[in-house]
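What follows is a set of notes on a single structure, which appears directly below.
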Amino acid sequence: MYNAFFGITDNPFNLSPDPAFLYRSSQHEEALANLIYGVQSRKGFIVLTGEVGTGKTTMLECLREYLESQYIEFAFLFNSRINPQQFFEMIAYDLDLRCERTSKTEVLFALNNLLIQQMNEGRTTVLIVDEAHNLDWEVLEEIRLLGNLENRKGKLLQIVLAGQPEFDRKLDAPNLRQLKQRIVLRYNLKPFSLEETAEYIDSRLAKVGLSDQSVFPDALVTEIHTRSRGIPRIINGICDNLLLTAFAMESRVCTQKMLDEVSDDMRLEWPGRRLRPIRSLYEDSFEAPSLRDRGD
């Protein structure tokens, strides 16, 4: 809606995880390097955690791009609220296993044959599970058992588990200690620093043709960082709403007043926030009668 007004070619703050808009901060570069290294080295279990909105799914999308470019077979489980039977059905579907997909036994035989064939060809196979914190205990145990498939050269199946910080706490449970011991690579994504927030906003605007941006003044970027707590998804939501508000007001520069309005609309909470008084919808329409007017 506002692209032509600001002279940009695309929406720079889309909430969808698009690898084309990846801001290569040092931690995101390191996280992606860990994922790729873990797959290449046949490490078996790799865990990626981070708060909601810190970019885990974007990292997984980048990993998928890499796997596709290298013609590496992989299954991607995006819905983690599944039971063991659904888990094996989804693996069979994603890997296009030629078997009765409702039979766990047949899926396991077909999967084992695929893994051995891939290994004989000098290749590997990857299982990616997003939202892993939602996995049932039974499914996690099935995943652990899949990690036992190996030969002298390493693990036959590389398993990437991504989830919120509570997944780390889940792995601390006594009944998952065997799975926890098998995790050889871990990475935790943290919120951006102020400097990273500024670079993140600039990089996304530059990708759509707005280099040396002046839409978001430095002081406003500092306030955006505070209110978003450095979380990329919230930064995107704030900036997208700010651009829309500025477009509606025919202003090419976003202001503090606009940010206050957007913050209220998004119900943002941040440390040190002072709640502003809520005005009645009818405040401008009439004045409340005084005691004298009411005859009290």
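First residue of the sequence shown? That's 391 in my numbering, and the numbers climb one at a time after it.
Don't be surprised by glycine CBs; every beta carbon is placed ideally from N, CA and C.
CB of Thr515 within 8 Å of CB of Leu547, strictly: yes
Close-in-space but distant-in-sequence residues of the same chain around Met391 (CB under 8 Å, 5 per side omitted): Leu634, Phe637
From Ile426, Ile573, His523, residue whose alpha carbon lies closest to that of Gln460: Ile426
Residue environment, Met639, which counts as buried when at least 16 other CB atoms sit within 10 Å: exposed
Where the alpha helix (DSSP H) containing Ile614 begins and where it ends: Start and end: 608-618.
Sequence-distant residues of its chain with Cβ nearer than 7 Å to Val497 (five each side left out): Phe478, Ile481, Ala482, Leu487, Cys489, Arg491
Distance CB(Glu451)-CB(Pro407) smaller than 8 Å: When the beta-carbon positions are compared, Glu451 and Pro407 come within less than 8 Å of each other.
Range covered by the alpha helix (DSSP H) that runs through Leu422: Counting along the chain, the unbroken alpha helix (DSSP H) around Leu422 starts and ends at 416-430.
Collapsed DSSP secondary structure at Thr448 in the structure displayed: In the structure shown, Thr448 adopts helical secondary structure according to DSSP, grouped into three states.
Lys597, DSSP secondary structure in three states: Correct three-state label for Lys597: helix.
Residue of Arg559, Asn565, Gln507, Gln508 minimising C-alpha distance to Glu528: Asn565
Arg576 - partner residues in DSSP beta bridges: DSSP lists Val437 as the beta-bridge partner residues of Arg576.
Residues near Gln568 in its chain [Cβ-Cβ closer than 7 Å; skip 5 each side]: Arg534
Inter-stretch contact at 8 Å, needing at least 3 Cβ pairs: the segment 574-591 / the segment 416-426: yes
Close beta carbons around Phe676, own chain, < 7 Å, minus the five adjacent residues each side: Unreliable positioning characterises Phe676 in this predicted model, as indicated by a pLDDT of 40, which lies under 50. A coordinate reading is not provided.
Contacts around Gly537, its chain only, beta-carbon distance under 8 Å, and the 5 residues preceding and following it disregarded: Gly434, Phe435, Lys545, Leu547, Ile549, Leu569, Arg572
Nearest neighbour of Glu651, chosen from Val598, Cys629, Pro474 [CA to CA]: Nearest in C-alpha terms to Glu651, of all of Val598, Cys629, Pro474, is Cys629.
Assigned secondary structure, Phe468 (DSSP; H/G/I helix, E/B strand, else coil): coil
Rounded straight-line distance, which links the Cα of Leu610 to that of Cys644: For Cys644 and Leu610, the gap between their C-alpha atoms comes out near 8 Å.
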